[in-house]
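Some notes on the structure that comes next.
Protein chains: 2
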Amino acid sequence: MATLSAASKKHKVTIVGSGNWGTTMAKIVAENVKSHPSLFEETVQMWVYEEEVTIDPKSRHYDPNSPLCQGPQKLSQLVNKLHENIKYLPNISLPENVVGNPSLEDAVQDSTVLVFVIPHQFIGRICDRLKGKIVPYARGISCIKGVDVSDKGIRLFCEAIGHQLGIYCGALSGANIATEIAQGKYSETTVAYDPPPIDSRGPSPTESPRESEVDLISPSKEPGRRSAKLSALPIDYPPLSHENVKKLFHRPYFHVRMVSDVAGVSLGGALKNVVALAAGFMDGLGWGDNAKAAVMRVGLLEMVKFGRCFFGETAKPETFTEESCGMADVVTSCMGGRNFRCARMAIERGQSVYEVEQAELNGQKLQGTSTAYEVHSFLKNEGMVEDFPLFTAVYDILEGKAKPEQIPDLIEPRD
Amino acid sequence: MATLSAASKKHKVTIVGSGNWGTTMAKIVAENVKSHPSLFEETVQMWVYEEEVTIDPKSRHYDPNSPLCQGPQKLSQLVNKLHENIKYLPNISLPENVVGNPSLEDAVQDSTVLVFVIPHQFIGRICDRLKGKIVPYARGISCIKGVDVSDKGIRLFCEAIGHQLGIYCGALSGANIATEIAQGKYSETTVAYDPPPIDSRGPSPTESPRESEVDLISPSKEPGRRSAKLSALPIDYPPLSHENVKKLFHRPYFHVRMVSDVAGVSLGGALKNVVALAAGFMDGLGWGDNAKAAVMRVGLLEMVKFGRCFFGETAKPETFTEESCGMADVVTSCMGGRNFRCARMAIERGQSVYEVEQAELNGQKLQGTSTAYEVHSFLKNEGMVEDFPLFTAVYDILEGKAKPEQIPDLIEPRD
Numbered sequence: 001m002a003t004l005s006a007a008s009k010k011h012k013v014t015i016v017g018s019g020n021w022g023t024t025m026a027k028i029v030a031e032n033v034k035s036h037p038s039l040f041e042e043t044v045q046m047w048v049y050e051e052e053v054t055i056d057p058k059s060r061h062y063d064p065n066s067p068l069c070q071g072p073q074k075l076s077q078l079v080n081k082l083h084e085n086i087k088y089l090p091n092i093s094l095p096e097n098v099v100g101n102p103s104l105e106d107a108v109q110d111s112t113v114l115v116f117v118i119p120h121q122f123i124g125r126i127c128d129r130l131k132g133k134i135v136p137y138a139r140g141i142s143c144i145k146g147v148d149v150s151d152k153g154i155r156l157f158c159e160a161i162g163h164q165l166g167i168y169c170g171a172l173s174g175a176n177i178a179t180e181i182a183q184g185k186y187s188e189t190t191v192a193y194d195p196p197p198i199d200s201r202g203p204s205p206t207e208s209p210r211e212s213e214v215d216l217i218s219p220s221k222e223p224g225r226r227s228a229k230l231s232a233l234p235i236d237y238p239p240l241s242h243e244n245v246k247k248l249f250h251r252p253y254f255h256v257r258m259v260s261d262v263a264g265v266s267l268g269g270a271l272k273n274v275v276a277l278a279a280g281f282m283d284g285l286g287w288g289d290n291a292k293a294a295v296m297r298v299g300l301l302e303m304v305k306f307g308r309c310f311f312g313e314t315a316k317p318e319t320f321t322e323e324s325c326g327m328a329d330v331v332t333s334c335m336g337g338r339n340f341r342c343a344r345m346a347i348e349r350g351q352s353v354y355e356v357e358q359a360e361l362n363g364q365k366l367q368g369t370s371t372a373y374e375v376h377s378f379l380k381n382e383g384m385v386e387d388f389p390l391f392t393a394v395y396d397i398l399e400g401k402a403k404p405e406q407i408p409d410l411i412e413p414r415d
Numbered sequence: 001m002a003t004l005s006a007a008s009k010k011h012k013v014t015i016v017g018s019g020n021w022g023t024t025m026a027k028i029v030a031e032n033v034k035s036h037p038s039l040f041e042e043t044v045q046m047w048v049y050e051e052e053v054t055i056d057p058k059s060r061h062y063d064p065n066s067p068l069c070q071g072p073q074k075l076s077q078l079v080n081k082l083h084e085n086i087k088y089l090p091n092i093s094l095p096e097n098v099v100g101n102p103s104l105e106d107a108v109q110d111s112t113v114l115v116f117v118i119p120h121q122f123i124g125r126i127c128d129r130l131k132g133k134i135v136p137y138a139r140g141i142s143c144i145k146g147v148d149v150s151d152k153g154i155r156l157f158c159e160a161i162g163h164q165l166g167i168y169c170g171a172l173s174g175a176n177i178a179t180e181i182a183q184g185k186y187s188e189t190t191v192a193y194d195p196p197p198i199d200s201r202g203p204s205p206t207e208s209p210r211e212s213e214v215d216l217i218s219p220s221k222e223p224g225r226r227s228a229k230l231s232a233l234p235i236d237y238p239p240l241s242h243e244n245v246k247k248l249f250h251r252p253y254f255h256v257r258m259v260s261d262v263a264g265v266s267l268g269g270a271l272k273n274v275v276a277l278a279a280g281f282m283d284g285l286g287w288g289d290n291a292k293a294a295v296m297r298v299g300l301l302e303m304v305k306f307g308r309c310f311f312g313e314t315a316k317p318e319t320f321t322e323e324s325c326g327m328a329d330v331v332t333s334c335m336g337g338r339n340f341r342c343a344r345m346a347i348e349r350g351q352s353v354y355e356v357e358q359a360e361l362n363g364q365k366l367q368g369t370s371t372a373y374e375v376h377s378f379l380k381n382e383g384m385v386e387d388f389p390l391f392t393a394v395y396d397i398l399e400g401k402a403k404p405e406q407i408p409d410l411i412e413p414r415d
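Respectively, the protein sequence lines represent chains A and B. Residue numbering for the first sequence is 1 to 415, as defined by full-length UniProt numbering. Residue numbering for the second sequence is 1 to 415, as defined by full-length UniProt numbering.
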């Protein structure tokens, strides 16, 4: 067994993304690499999608004499000069070892750990640009919430990334409202990281890739472990064990639990939004906390069942019922998330959720509604609509085919 | 196998108690016996602890010419004349087959099903009065939340009742705010009912009592199944199977899930109050929903562990993580229950929880604080204080030995 002292190299970490959640992850990771200098290089690259930003005269950074305040500035330069992402995470100081980099290709050069925090619709394009620009033995962690569900199947974002880049990619998800975490308020998260055996120290020439076509999931597959031609991490790097991956994310205010269940962690972040709509309907009806807790419980068990039905043994019930990415994320989303609030408003105003979305979200879309439609289309294709009565009830309500008052009846088990 | 048609008798049901929750249970049960006339007698007796009540002039029942409004009236008579418990469940109409009975002994006569809904401190005295007055083959369901914990051990209330009366007693608990349920708002609950094999149809003379001293629990015991000399239900009654017990409680607005885990159901209703205090501390600090969800998750897992440590295989993790009496009751209690609110106020006002209790609760006591002390005393005696860091943190905060801000550090797993 290689020990830490055998490692002569350190991991270089790049955050691919610099929005609200990406910048928060950069802050956390940058604090951690300084705490573990034998494992990680001190500089954390953060890829910044370049844009022009003007410092607001009300900002604490405004100084009429400063060259930074003479018109619009490049966001990456503001990040590096102010040590703050004033556009996407204002009023939060970043450690000085976070380096904003407008060049994606430059930011990932020689990085062994890539933390993906980009809007899911950009995954394909960004991975296209990364191909050939990253070291072949890089490892990824996707902090992108949700999964791709259609009538053709289910694809985990971390898997899509791993497949496109030919690397292993794990997943991070939890009850994580970014701004609260950036302020150092206590939170938990779940990191799923379970590379196939080739990732043990040194190359393992007898290990053949498990599968080469990776687009769609069907039961009994092993999500996240199927990328073709995985390259082993060279022996002069510290191993990316659960222990070391945890050190990259765990902070006194951000507690990490490591698991191996990539599918469960990814599904939790998607399906909870459908449950949050149901909870919002209950609250909108004025039915109180019993009813809200009931649909949360029923929803959580449908999440467990969804994992079991479509990912077999690889999606563990405990990931949903015991981890931050499951039960705790359901709780947070049903206490005040956007899906919950819009669903509640819809009932209170006698409007459709779509109308509330139009009126309240400035052109943004609710994740819960699109997930509810995608999940329904998938379940219909599988002939399993009736096995998920709460998910189906939410879809039917969105479609105007059922009323929220019918939820208790619709989800009552039939003997 | 005896079938339903073989049964010539019907179960008579008595609600022992008529407070807010007891009257709600009487309403539910009375609705259900009418729906299942082949199983249950139509009249549901409700024992009313007699007191004098004056109808308020603002009440919908006030009529200056009515004899009921000429001074104080007996509560049991008001229940039977107005079909409402105007003192403990005002403005909720009761089915006319609920009969308020001021005589405990008369109310339980010939009843085969006793539903206990009394304050826990009266269990001993009321069971003393019931001894010899009930049929020996009666079965109980305790709707009394909580357990008795002391440094001597843990006693489930349903077990205490079963032992004292020499009958089997199950338990009902869930995310159940009584008034919401009485209004017909949707809710769920969990009923644990698992009598020992003697309860199969017909007497079973070879079945010997499993245990005769029943006061204290230790691991590997079988809670609720240890009452000495259980009498078999005569064969001319319909069996009290899960299916039939469910019919007594399940309503379209009150969904019942049947389980066999009496210990898990009982523990959930007690330990969740300690978790609610922790959630209130987080909210009082203004730490947001992530932090609240985190302590709820950690607390739920300590509940699972408590069950496993002290009830062995009989307390199932799923009872806590998947049932209304576990996860859902934690959610409800941490969204707005009394323990949650008082803990939050304590932090906001810079007072102790004890001071808030004194100021806000009119002499009533918080269940969470007494449970936190009892659990701590028990864990200390078992040498297991450090195995339950959240329960211990709550105790330490109540004692002024720790600050709420320390919770993340105190509950962080030590490697």
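Ideal Cβ placement from N, Cα and C applies to all residues, glycine included.
Determine which residues of the segment 251-262 of chain B have a Cβ less than 7 Å from any Cβ of chain A, and write them out in chain order. Pro252, Tyr253, His255
Status (buried if at least 16 other CB within 10 Å, exposed otherwise) for A/Arg129: The count along the first sequence starts at 1 and reaches residue 129 of chain A at position 129. Answer is exposed; the Cβ neighbour count stays below 16.
Uninterrupted beta strand (DSSP E) stretches inside the segment 119-178 of chain A (no shorter than 3 residues): 139-142, 147-150, 153-156, 168-173
Tell me the DSSP secondary structure of B/Gln73 in three-state form. Numbered from its first residue, the second sequence carries residue 73 of chain B at position 73. DSSP places B/Gln73 in strand when its eight states are reduced to three.
Quick check on B/Ile15 - is its C-beta less than 9 Å from some C-beta in chain A? Translated into the one-based positions of the second sequence, residue 15 of chain B becomes position 15. With 9 Å as the cut-off, B/Ile15 does not count as an interface residue toward chain A.
Report buried or exposed for B/Asp199, applying the criterion of at least 16 other Cβ atoms within 10 angstroms of its Cβ. Within the second sequence, numbered from 1, the residue matching residue 199 of chain B stands at position 199. Bear in mind that the predicted position of B/Asp199 carries a pLDDT of just 46, short of 50, making it unreliable; the figure below should be weighed with that in mind. The residue is buried, with at least 16 neighbouring Cβ atoms inside 10 Å.
Any beta carbon from chain A within less than 9 Å of B/Lys9's own beta carbon? Residue 9 of chain B sits at position 9 when you count from the first residue of the second sequence. Not an interface residue.
Whose CA, out of A/Leu172, A/Val48, A/Lys365, A/Arg251, lies closest to the CA of A/Ile86? The count along the first sequence starts at 1 and reaches residue 86 of chain A at position 86. The shortest C-alpha separation from A/Ile86 is found at A/Val48.
What are the complete beta strand (DSSP E) segments, minimum 3 residues, inside the segment 302-341 of chain A? none
Considering only DSSP beta bridges, list what A/Ser187 is partnered with. By one-based count along the first sequence, residue 187 of chain A stands at place 187. Answer is A/Phe254, bridged to A/Ser187.
Taking A/Trp47 as part of the beta strand (DSSP E), name the residues at either end of that continuous run. In the first sequence, residue 47 of chain A corresponds to position 47, counting from 1. Element bounds for A/Trp47: 40-47.
With 16 as the cutoff for other CB atoms within 10 Å, does A/Pro219 come out buried or exposed? Here residue 219 of chain A is taken as the residue at index 219 of the first sequence, counted from 1. Low confidence applies here, because A/Pro219 scores a pLDDT of 37, under 50, leaving its location unreliable and the question unanswered by this model.
I need the DSSP call for B/Glu52, collapsed to helix, strand or coil. Numbered from its first residue, the second sequence carries residue 52 of chain B at position 52. Three-state DSSP puts B/Glu52 in a strand.
DSSP puts B/Gly100 in a beta bridge; with which residues? By 1-based counting over the second sequence, the position of residue 100 of chain B is 100. Looking at the DSSP assignment, B/Gly100 forms a beta bridge with B/Met46.
DSSP on A/Thr14, reduced to helix/strand/coil? Position 14 of the first sequence holds residue 14 of chain A. Correct three-state label for A/Thr14: strand.
Can you list, in chain order, the residues of its chain with a C-beta nearer than 7 Å to that of B/Asn101? Leave out the 5 residues immediately preceding and following it. Residue numbering aside, residue 101 of chain B sits at position 101 when the second sequence is read from its first letter. The answer, listed in chain order, is Gln45, Met46, Trp47, Val48, Ser76, Ala107.
Taking the Cβ atom as the reference point for each residue, do A/Val375 and A/Phe306 lie within a distance shorter than 9 Å? Locating residue 375 of chain A in the first sequence gives position 375, counting from the first residue. Locating residue 306 of chain A in the first sequence gives position 306, counting from the first residue. In this structure, A/Phe306 lies closer than 9 Å to A/Val375 by Cβ.
Could you please give me the residues that DSSP links to B/Ala192 through a beta bridge? Walking along the second sequence from the start, residue 192 of chain B turns up at place 192. Its beta-bridge partners are B/Ala171, B/Val259.
Quick one: does B/Ala175 have its CB under 9 Å from some CB of chain A? Counted from its first residue, the second sequence places residue 175 of chain B at position 175. True, the Cβ-Cβ gap to chain A drops below 9 Å.
Just the chain B side, please: which residues come within less than 8 Å of A/Ser324 by C-beta, in chain order? Numbered from 1 along the first sequence, position 324 holds the residue referred to as residue 324 of chain A. Under the 8 Å cutoff, chain B gives Ala293, Ala294, Arg297.
Does any residue of chain B bring its CB to less than 9 Å from the CB of A/Trp287? To locate residue 287 of chain A, count along the first sequence from 1; it is residue 287. Yes, A/Trp287 lies at the interface with chain B (some Cβ there is under 9 Å from its Cβ).
List the whole-angstrom C-beta distance separating A/Val33 from A/Ile15, where the pair is believed to meet the contact cut-off of C-beta under 8 Å. Translated into the one-based positions of the first sequence, residue 33 of chain A becomes position 33. Translated into the one-based positions of the first sequence, residue 15 of chain A becomes position 15. 11 Å between Cβ atoms; not a contact.
contact_flag[the segment 292-308 of chain A, the segment 238-246 of chain A] where n(CB pairs < 8 Å) is 3 or more: no
Listing by chain order, which chain B residues have their CB less than 9 Å from the CB of A/Leu301? Counted from its first residue, the first sequence places residue 301 of chain A at position 301. Under the 9 Å cutoff, chain B gives Glu322.
Going by CA-CA distance only, name the one from B/Thr54, B/Gln121, B/Arg60 that's closest to B/Leu68. Indexing the second sequence from 1 puts residue 68 of chain B at position 68. It is B/Thr54.
Given a cut-off of 9 Å, decide if B/Ile141 and B/Leu114 are closer than it, judged by their beta-carbon atoms. To locate residue 114 of chain B, count along the second sequence from 1; it is residue 114. To locate residue 141 of chain B, count along the second sequence from 1; it is residue 141. Yes. Within cutoff.
A/Leu39 and A/Arg139 closer than 9 Å at C-beta: The residue given as residue 39 of chain A occupies position 39 in the first sequence. The residue given as residue 139 of chain A occupies position 139 in the first sequence. In this structure, A/Arg139 does not lie closer than 9 Å to A/Leu39 by Cβ.
Below 8 Å, how does it come out for the segment 258-273 of chain A and the segment 351-363 of chain A: are there three or more Cβ pairs, yes or no? no
Roughly how many whole angstroms lie between the Cα atoms of B/Gly146 and A/Tyr168? Start at 1 with the first residue of the second sequence, and residue 146 of chain B comes out as number 146. Start at 1 with the first residue of the first sequence, and residue 168 of chain A comes out as number 168. Each residue's alpha carbon lies about 48 Å from the other.
How would you call A/Pro238, buried or exposed, if buried means at least 16 neighbouring beta carbons within 10 angstroms? Looking up residue 238 of chain A in the first sequence gives position 238. A/Pro238 comes out buried.
Specify, as a first and last residue, the run of the alpha helix (DSSP H) that A/Leu248 falls within. The residue you call residue 248 of chain A lines up with position 248 of the first sequence. It spans 242-249 - the alpha helix (DSSP H) in which A/Leu248 sits, taken as one unbroken run.
Can you list, in chain order, the residues of its chain with a C-beta nearer than 8 Å to that of A/Asp110? Leave out the 5 residues immediately preceding and following it. Counting from 1 along the first sequence, the entry for residue 110 of chain A is found at position 110. Hits under 8 Å: Lys12, Val135.
Any C-beta of chain B within less than 7 Å: which residues of the segment 377-405 of chain A qualify? none
Count the other C-beta atoms from every protein chain shown that fall within 10 angstroms of the C-beta of A/Arg60, then say buried if there are 16 or more, exposed otherwise. Counting from one through the first sequence, the residue named residue 60 of chain A turns up at place 60. Under this definition A/Arg60 is an exposed residue.
B/Glu322: which of B/Glu412, B/Glu188, B/Phe311, B/Ile411 sits nearest, CA to CA? Reading the second sequence from its first residue, position 322 is the one you call residue 322 of chain B. Nearest C-alpha to B/Glu322: B/Glu188.
Residues of chain B with a CB under 8 Å from the CB of A/Glu412: which are they? As a working note, residue 412 of chain A is residue 412 in the first sequence. Going along chain B in sequence order, the residues near A/Glu412 (Cβ under 8 Å) are Pro252, His255.
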